[in-house]
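Here the structure comes first, spelled out in structure tokens, and everything after it is commentary.
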Amino acid sequence: MTALLPTLVTAIGNGETNESFSSISTNLLWSSALVLTLAMLAFGVDLAGHPARAERAATRRTSGSVSAAEGSSDTAVLTEAPADEEVAEKRQWAGIGMSLTYLGTLLLAGCILFRSLSVQRPPLGNMYEFALVATLFMLVAFSIWSVKRDIRWLGMFVTLIAILLEMVSALVFYTAASQLMPSLQSYWLSIHVTVATLSIGLFTLAFVVQLLYLVQARRESRERTGGFLDALPNSTTLDRLAYGIVIIAFPLWTFTLIAGAIWAQKAWGHYWNWDPKEVWTLVIWVMYAAYLHARYTAGWSGKKAAYLALAAYACIIINYGIVNVYFVGQHSYSGM
Numbered sequence: 001m002t003a004l005l006p007t008l009v010t011a012i013g014n015g016e017t018n019e020s021f022s023s024i025s026t027n028l029l030w031s032s033a034l035v036l037t038l039a040m041l042a043f044g045v046d047l048a049g050h051p052a053r054a055e056r057a058a059t060r061r062t063s064g065s066v067s068a069a070e071g072s073s074d075t076a077v078l079t080e081a082p083a084d085e086e087v088a089e090k091r092q093w094a095g096i097g098m099s100l101t102y103l104g105t106l107l108l109a110g111c112i113l114f115r116s117l118s119v120q121r122p123p124l125g126n127m128y129e130f131a132l133v134a135t136l137f138m139l140v141a142f143s144i145w146s147v148k149r150d151i152r153w154l155g156m157f158v159t160l161i162a163i164l165l166e167m168v169s170a171l172v173f174y175t176a177a178s179q180l181m182p183s184l185q186s187y188w189l190s191i192h193v194t195v196a197t198l199s200i201g202l203f204t205l206a207f208v209v210q211l212l213y214l215v216q217a218r219r220e221s222r223e224r225t226g227g228f229l230d231a232l233p234n235s236t237t238l239d240r241l242a243y244g245i246v247i248i249a250f251p252l253w254t255f256t257l258i259a260g261a262i263w264a265q266k267a268w269g270h271y272w273n274w275d276p277k278e279v280w281t282l283v284i285w286v287m288y289a290a291y292l293h294a295r296y297t298a299g300w301s302g303k304k305a306a307y308l309a310l311a312a313y314a315c316i317i318i319n320y321g322i323v324n325v326y327f328v329g330q331h332s333y334s335g336m
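Positions 1 to 336 (the working numbering) are the ones given, in order, by the sequence shown.
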């Protein structure tokens with residue numbers, strides 16, 4: 001750290017792109033992907049071991065019931081005690097997965113920090129940076145949520161999505177560190193795009209839960225039991241969790257839409273220009289508004305609501321992966 005201080009002072013002083021910091025940022029990104037891969041494997045081992053743990057727990061409960069029926073309360077207590085061992089066993093791999101997730105999240109935060117230091121601006125100027133910040137927000141949301149609720153069953157799926165996003169960012173969207181075009185050099189960049197990336201991170205988390213809901217609902221409809229999916233909550237709970245995340249993310253996306261209009265007026269003199277990016281931002285808002293409206297007023301829940309939410313997230317993918325790259329407009333700053 002001491003060795004980096006002179007470089008940092010020099011970079012701040014001349015306001016130019018610092019290649020050393022950019023290189024450190026890239027190395028931290030790959031380190032984060034590696035650590036998150038290990039976290040995903042640890043979560044996978046935990047889920048894979050759930051059927052055996054459940055069987056052992058059922059055996060212990062049966063033994064305890066038999067002992068209690070024989071009138072030996074002391075024996076019943078002794079046979080129930082090993083249940084704590086099952087909890088400890090479960091937490092061993094899940095705990096490793098969570099610890100590695102925290103570390104991977106910190107490494108990604110370091111990657112973004114050094115990316116920002118390398119160009120002396122918020123790291124929100126192109127698709128590469130946007131994707132990394134959205135991934136970070138998703139991981140942070142998952143980490144904070146895990147402190148308040150046992151959602152380790154979600155860890156393997158969240159880390160898988162995070163790894164995929166990091167890989168796509170590094171291999172497809174990567175853009176060399178550079179300065180922004182004049183229209184983006186505004187404090188509105190930090191306001192508008194930061195809230196947008198936070199929204200996308202939360203919508204992505206909801207997307208993962210909604211996919212798990214559909215898998216679990218299909219499994220329950222066929223009355224299947226056993227396997228690692230027993231470790232997940234039932235479909236009703238998953239549906240409510242996804243709905244709750246969207247309720248949090250939607251107002252943030254609404255703010256994104258409003259802040260973007262204000263910024264457009266300051267940058268280009270008009271609140272709304274029917275730019276492709278503006279249109280698709282509105283389309284996403286309408287889709288999620290329809291999802292929330294259908295659930296609240298029409299009583300939609302279950303698969304119909306989930307499919308509508310997935311369609312809304314598909315609009316996010318189109319907006320990000322297609323509109324940013326192939327459509328020409330005032331928001332053509334993907335860097336690709």
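Note that the Cβ used here is the ideal one computed from N, Cα and C, for glycine as well.
Span of the alpha helix (DSSP H) holding residue i?
i      : result
TYR313 : 303-318
THR159 : 155-171
THR254 : 235-268
TRP280 : 276-297
LEU189 : Neither: LEU189 is in no alpha helix (DSSP H) and is coded neither H nor E.
LEU202 : 194-221
PHE137 : 127-148
THR26  : 19-48
Suppose the cutoff is 6 Å on Cβ atoms and the five residues either side in sequence are ignored; what does the same chain contact list for residue i look like?
i      : result
ARG152 : ALA94
PHE207 : TYR313
ALA88  : Only weak support is given to the placement of ALA88: the predicted model assigns it a pLDDT of 46, under 50, and the value that follows is read from those uncertain coordinates. Around ALA88: no qualifying Cβ.
ALA134 : THR197, ILE200, GLY201
SER65  : With a pLDDT of 49 at SER65, under the threshold of 50, the modelled position of this residue cannot be trusted, and the question is left open.
Whole angstroms are fine: how far does the CA of residue j sit from the CA of residue i?
i      : j      : result
ALA310 : PHE114 : It should be pointed out that residue 310 corresponds to Leu in this sequence rather than to Ala. C-alpha separation (whole angstroms): 34 Å.
VAL119 : SER22  : 8 Å
TYR296 : ARG240 : 12 Å
SER20  : SER143 : 30 Å
VAL168 : THR236 : 33 Å
ALA290 : ASN319 : 18 Å
PHE327 : LEU212 : 33 Å
SER67  : GLN92  : Bear in mind that the predicted position of SER67 carries a pLDDT of just 49, short of 50, making it too unreliable to give a figure here.
LEU139 : TYR271 : 33 Å
ASN273 : LEU238 : 39 Å
LEU107 : MET287 : 34 Å
GLY302 : PHE43  : 27 Å
ILE191 : THR225 : 47 Å
VAL283 : LEU180 : 27 Å
LEU292 : TYR243 : 8 Å
Contact check, residue i vs residue j under 8 Å by CB: the rounded distance?
i      : j      : result
TRP285 : TRP253 : 6 Å
ILE163 : ALA33  : 6 Å
ILE248 : LEU202 : 6 Å
GLY155 : GLY104 : About 11 Å; that fails the 8 Å criterion.
THR101 : ALA39  : 5 Å
PHE255 : VAL195 : 5 Å
ALA298 : LEU308 : Actually they do not touch by this definition, with Cβ atoms about 11 Å apart.
GLU166 : LEU29  : 6 Å
LEU229 : ARG219 : 6 Å
Keeping to the same chain, check which residues put their C-beta closer than 7 Å to that of residue i; ignore five residues upstream and five downstream.
i      : result
VAL323 : PRO276, LYS277, TRP280
GLU129 : ARG115, PRO123
ALA109 : LEU136
TYR174 : TYR128
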